[in-house]
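Residue 43 is where the sequence shown starts when you use this note's numbering, and the numbers rise one by one after that. Beta carbons: idealized from backbone N, C-alpha and C, even for Gly. Just so you know, these numbers come straight off a predicted model, no measurement behind them. See below for the structure under consideration.
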Amino acid sequence: MSAATIAIASDHGGYDLKQLLIDDLKAKGHEVLDLGTNGPDSVDYPDYADLMAAAIKGGKAGCGILLCGTGIGISIAANRHPELRAALVHDALTARLSRLHNDANVIVMGGRILGIELAKDCLDVFLKTEFEGGRHARRVAKMSHAG
Ligand code: RB5
């Protein structure tokens, strides 16, 4: 995964984890584009998946991080956008495989599921792992065609 700007967005269920991950990413020298939400008030996670899709499609970020309470709702919403391959991960192994096999460009985590150290570990692995290509490229290509 390239070192381009990393976009991040969450609903209220992922807000606390979002803020912690932003601090960690900035401390490590990454450029971060925060798409909200900007506080703990209740919001609708599909809106933040839409903002992520616009940021990736518009070239404002090379990859993204999406967070909601479980990670489930926002990953479903994200994968309705053809420009996103959003992977809900729970540990370093699923984070690594989401890059190796699926060329995921968005990592999704549950703010009410993962602690900060596990989330940072997932994110570190996601950012440093390159797509394996080969047979996986054929499969990823099949998901890029509409219909
Ligand atoms: C919000 O309460 C919660 O439903 C949301 O963050 C997420 O977990 C949905 O999948």
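If you draw a 10 Å sphere on the C-beta of S84, you find fewer than 16 other C-beta atoms in it, and that means exposed.
Shown here, D65 sits in a helix according to DSSP, grouped into three states. A distance criterion of 8 Å places the beta-carbon of T112 in contact range of the ligand RB5, judged by its closest non-hydrogen atom. Shortest gap from the CB of H132 to any heavy atom of the ligand RB5: 8 Å or more. Between R138 and F173, the CB-CB gap reaches or exceeds 9 Å.
Taking a cut-off of 8 Å for Cβ pairs, the stretch 87 to 95 and the stretch 151 to 160 do not touch, as fewer than three such pairs fall below it. The residue among Y90, C164, V74, L77 with its C-alpha nearest the C-alpha of A119 is Y90.
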